[in-house]
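With the numbering used here, letter number 106 in the sequence shown gets 1247, and the count goes up by one each step, no holes. We put the CB at the ideal spot given by N, CA and C, even for glycine. Notes follow once the structure below has been shown.
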Amino acid sequence: MKLYSCFNSSTSYRVRIALALKGIEYQYHGVNLRIGEQSDTDYIAINPSKGVPVLIDADGSKITQSLAILYCVGDESTLADVDLIPQIANALRMGCDVPHYPHAMAMYQHCTALPAFQVATPQQQADC
Ligand SMILES: N[C@@H](CCC(=O)N[C@@H](CS)C(=O)NCC(=O)O)C(=O)O
C-alpha cells in the first residue's frame, strides 16, 4: 500500500491517523505542496485533481478522497476524532483560542497521547 501525503496537510494527517489506528502499513510518498509537486506531470498521472492524500492498494486500487479512505479503513467510533484532531492542531498552530473550548481540548489531549495519533503527526513524517 502507498500513501501520497504532505506532512502538514490536514487531510493527509487524518488518513495517517486512521491507518495507524488500524495498524495498516504503507510506503510513504511525500508530495511537497509548498513547491507545487502536486502539479508535476508524474503526480497528475496519479491524481489529476492535484491534491493529497492518495491511497493506492496493492492491487492498484486508488482512493483520492480522504473521507472515502477513512470510510474504507475506518472505524465509525473513531471517525469524528480522526477528522477533528488535525483541525484542532491547525487551529492551535494558527494561534486560535482553542483552550476556550475545554471539551475540544480534552479530546485533543486524550487523542494526541495515543501512539497511533503520535506517529501520524506532521513532525513525524519523512517529508517534514
Ligand atoms: N476533498 C479532498 C481535499 C484534499 C485537499 O484539499 N488536500 C489539500 C491539502 S490539505 C491539497 O492537496 N491541496 C493542493 C494544493 O494546495 O494545491 C480530501 O478530503 O481528500
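Hey, could you find the ends of the alpha helix (DSSP H) residue i is sitting in?
i, result
"TYR1249", "1243 to 1253"
"ALA1257", "1256 to 1260"
Would you mind reading off the limits of the beta strand (DSSP E) that contains residue i?
i, result
"SER1146", "1143 to 1146"
Assign residue i to buried or exposed, taking buried as 16 or more other Cβ atoms, counted over all protein chains shown, within 10 Å of its Cβ.
i, result
"HIS1241", "exposed"
"ARG1234", "exposed"
"ASP1238", "exposed"
"HIS1170", "buried"
"GLN1179", "buried"
"ASP1183", "exposed"
"PRO1256", "exposed"
"PRO1243", "exposed"
"GLN1154", "The sequence as given places Tyr at residue 1154; Gln does not occur at that position. With 16 or more Cβ atoms within 10 Å of its Cβ, TYR1154 is classed as buried."
"SER1207", "buried"
"ILE1221", "According to the sequence displayed, residue 1221 carries Ala and not Ile. ALA1221 should be labelled exposed."
"GLY1201", "exposed"
For residue i and chain C, any beta-carbon pair shorter than 7 Å?
i, result
"GLU1178", "As a matter of chain content, chain C is missing from the structure shown, which is built from one protein chain."
**Item:** Segments assigned alpha helix (DSSP H), at least 4 residues, entirely inside the segment 1160 to 1215
**Value:** Qualifying alpha helix (DSSP H) stretches, in chain order: 1182 to 1187, 1207 to 1214.
**Item:** Exercise answer, beta-carbon shell around ligand 1 heavy atoms below 7 Å
**Value:** Listed by position along the chain, the residues with Cβ atoms less than 7 Å from a non-hydrogen atom of ligand 1 are CYS1147, SER1150, SER1151, THR1152, SER1153, LEU1174, GLN1179, LYS1191, GLY1192, VAL1193, PRO1194, THR1205, GLN1206, SER1207, LEU1208.
**Prompt:** Are the segment 1148 to 1162 and the segment 1253 to 1268 touching, with three or more C-beta to C-beta distances below 8 Å?
**Reply:** Verdict: yes, contact present.
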